[in-house]
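Chains as they are written, first to last, in our numbering: chain A, 1 to 177; chain B, 178 to 290.
Using N, Cα and C, we set each Cβ at its ideal position, and we do this for glycine too.
Below is one structure; the comments refer to it alone.
Structural data, given as structure tokens:
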């Protein structure tokens with residue numbers, strides 16, 4: 001089940017809010033980077049590692065976000081390979097191409113606060129299975145096959161779960177027009 | 178040529194349900210050339226079809242706009258962590274399965290609850 005719709009800003013510190021924003025901005029790029037090197041489950045762990053280090057360090061004091069994230073990501077990967085006893089030779093740095101253009105979507109600029117609130121409410125209101133499948137596909141950029149394996153359901157069930165989520169979202173927006 | 182319509186979770190007579198089914202089929206990355214042609218034909222068959230499809234696209238696009246919203250981030254984290262939790266549980270099960278097997282009736286480590 002999705003967590004209750006508590007306004008997080010009120011229960012967590014400012015630092016954590018900022019961290020969530022960063023995860024949204026840079027999570028997909030980091031995931032893509034790690035997925036070139038390791039399997040999906042390990043990539044998820046490494047993404048979490050990066051954000052944990054970020055939380056420990058505190059985001060506010062960092063000037064060059066992408067440079068900092070690259071160093072943390074490269075270190076996380078190195079530790080991972082060391083644990084596995086791999087030779088750390090063939091690593092490639094994160095490039096500009098890893099930072100998704102979609103994250104700076106025109107929708108985000110053009111959409112009003114009210115419209116965004118409606119989208120968030122509709123997303124928070126999805127039944128668990130639709131929510132999990134849709135979130136993993138839309139935000140974590142996982143394929144239907146990867147989601148099916150992860151949720152231990154068929155790709156057809158993933159397809160249906162995503163259809164239900166889209167329908168729910170689309171109707172919530174329609175009702176507001 | 179294969180099926181004229183994709184696999185629809187909802188009502189095949191409701192263009193909005195058919196639209197999300199087509200959209201999801203596209204997203205699956207498994208759409209065949211025949212299906213793409215069928216989608217094109219479906220879109221051209223009725224302005225309501227095209228409208229329903231445009232609305233689905235818009236919903237998809239608008240979801241991206243809120244990807245970093247705190248409430249959305251909390252749900253994202255929840256699903257990411259739930260997977261790690263499930264994996265930990267599965268790993269734990271595989272570890273305790275051995276003593277359970279060897280100690281059959283001898284008071285295993287875990288009791289069935």
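Please work out which residues of its chain come closer than 8 Å, Cβ to Cβ, to residue i, disregarding the five sequence neighbours upstream and downstream, and give them in chain order.
i                      : result
residue 196 of chain B : 226, 229, 230, 232, 233
residue 141 of chain A : 28, 31, 32
residue 188 of chain B : 194
Closer than 7 Å by C-beta to residue i: which residues in its own chain qualify, once you throw out the five before and the five after it? Chain order, please.
i                      : result
residue 146 of chain A : 40
residue 182 of chain B : 189, 195
Residue i to residue j, Cα distance in whole Å?
i                      : j                      : result
residue 35 of chain A  : residue 202 of chain B : 24 Å
residue 215 of chain B : residue 199 of chain B : 10 Å
residue 237 of chain B : residue 166 of chain A : 7 Å
residue 239 of chain B : residue 37 of chain A  : 31 Å
residue 23 of chain A  : residue 164 of chain A : 26 Å
residue 190 of chain B : residue 184 of chain B : 13 Å
residue 32 of chain A  : residue 143 of chain A : 12 Å
residue 258 of chain B : residue 113 of chain A : 29 Å
residue 25 of chain A  : residue 170 of chain A : 24 Å
residue 241 of chain B : residue 136 of chain A : 12 Å
residue 96 of chain A  : residue 27 of chain A  : Residue placement at residue 96 of chain A is poorly supported in this model, since its pLDDT is 47, which falls under 50; the coordinates are not used for a value here.
residue 267 of chain B : residue 125 of chain A : 29 Å
residue 51 of chain A  : residue 204 of chain B : 29 Å
residue 246 of chain B : residue 219 of chain B : 35 Å
residue 212 of chain B : residue 269 of chain B : 44 Å
residue 263 of chain B : residue 152 of chain A : 11 Å
residue 127 of chain A : residue 148 of chain A : 17 Å
residue 250 of chain B : residue 235 of chain B : 21 Å
residue 175 of chain A : residue 121 of chain A : 13 Å
residue 180 of chain A : residue 186 of chain B : Beyond the ends of chain A as shown, which are 1 and 177, falls residue 180 of chain A; an answer cannot be given.
residue 160 of chain A : residue 192 of chain B : 16 Å
residue 54 of chain A  : residue 265 of chain B : 24 Å
residue 209 of chain B : residue 223 of chain B : 22 Å
residue 173 of chain A : residue 217 of chain B : 25 Å
residue 168 of chain A : residue 255 of chain B : 20 Å
residue 123 of chain B : residue 206 of chain B : Only positions 178 to 290 of chain B appear in the structure, and residue 123 of chain B is not among them; the question remains open.
residue 42 of chain A  : residue 248 of chain B : 25 Å
Would you grab the beta carbon distance between residue i and residue j for me? Rounded to a whole angstrom, and I think it's under 8 Å.
i                      : j                      : result
residue 134 of chain A : residue 162 of chain A : 5 Å
residue 150 of chain A : residue 260 of chain B : 6 Å
residue 30 of chain A  : residue 80 of chain A  : Not really, about 13 Å apart at Cβ, beyond 8 Å.
residue 180 of chain A : residue 272 of chain B : In the structure displayed, chain A extends from 1 to 177; residue 180 of chain A sits before or after that span and is not available.
residue 252 of chain B : residue 131 of chain A : 7 Å
residue 74 of chain A  : residue 49 of chain A  : No, residue 74 of chain A and residue 49 of chain A are not in contact; Cβ-Cβ is about 12 Å, not under 8 Å.
Is residue i near the ligand COA, going by C-beta to nearest heavy atom under 8 Å?
i                      : result
residue 141 of chain A : Absent from the structure shown: the ligand COA. Ligands present: none.
Got a sec? Which residues, its chain only, sit under 6 Å from residue i by beta carbon, not counting five neighbours each side?
i                     : result
residue 72 of chain A : 50, 53
- prompt: Does the region 110-119 of chain A come close enough to the region 146-158 of chain A to have 3 or more Cβ pairs within less than 8 Å?
  reply: With a cut-off of 8 Å, the region 146-158 of chain A and the region 110-119 of chain A do not count as touching, because too few Cβ pairs lie within range.
- request: Check distances from the C-beta atoms of the region 197-230 of chain B to those of chain A and list, in chain order, the residues that come in under 9 Å.
  value: 197, 198, 200, 201, 202, 204, 205, 206, 207, 229: these are the residues of the region 197-230 of chain B whose beta carbon lies less than 9 Å from some beta carbon of chain A, given in chain order.
- request: Compile a chain-ordered list of the residues in the region 261-275 of chain B whose CB is closer than 8 Å to at least one CB of chain A.
  value: Listed by position, the residues of the region 261-275 of chain B near chain A (Cβ gap below 8 Å) are 261, 264.
message: Along the region 153-167 of chain A, where does the CB come closer than 9 Å to a CB of chain B? Name the residues.
response: Listed by position, the residues of the region 153-167 of chain A near chain B (Cβ gap below 9 Å) are 155, 156, 158, 159, 160, 161, 162, 163, 164, 165, 166, 167.
- request: Give, in chain order, every residue of the region 246-262 of chain B whose Cβ lies closer than 9 Å to some Cβ of chain A.
  value: So the close ones are 246, 247, 248, 249, 250, 251, 252, 253, 254, 255, 256, 257, 258, 259, 260, 261.
query: Using Cβ-Cβ distances below 8 Å, what residues of the region 111-130 of chain A are close to chain B?
result: Against chain B - using a Cβ distance shorter than 8 Å - the residues of the region 111-130 of chain A are 111, 115, 116, 119, 120, 123, 124.
Positions along the region 16-44 of chain A whose CB lies within less than 7 Å of some CB in chain B: Taking 7 Å as the upper bound on Cβ-Cβ separation, chain B lies near residues 17, 20, 21, 23, 24, 25, 41, 44 of the region 16-44 of chain A.
task: Determine which residues of the region 180-196 of chain B have a Cβ less than 7 Å from any Cβ of chain A, and write them out in chain order.
output: Correct list: 184, 186, 187, 193, 194.
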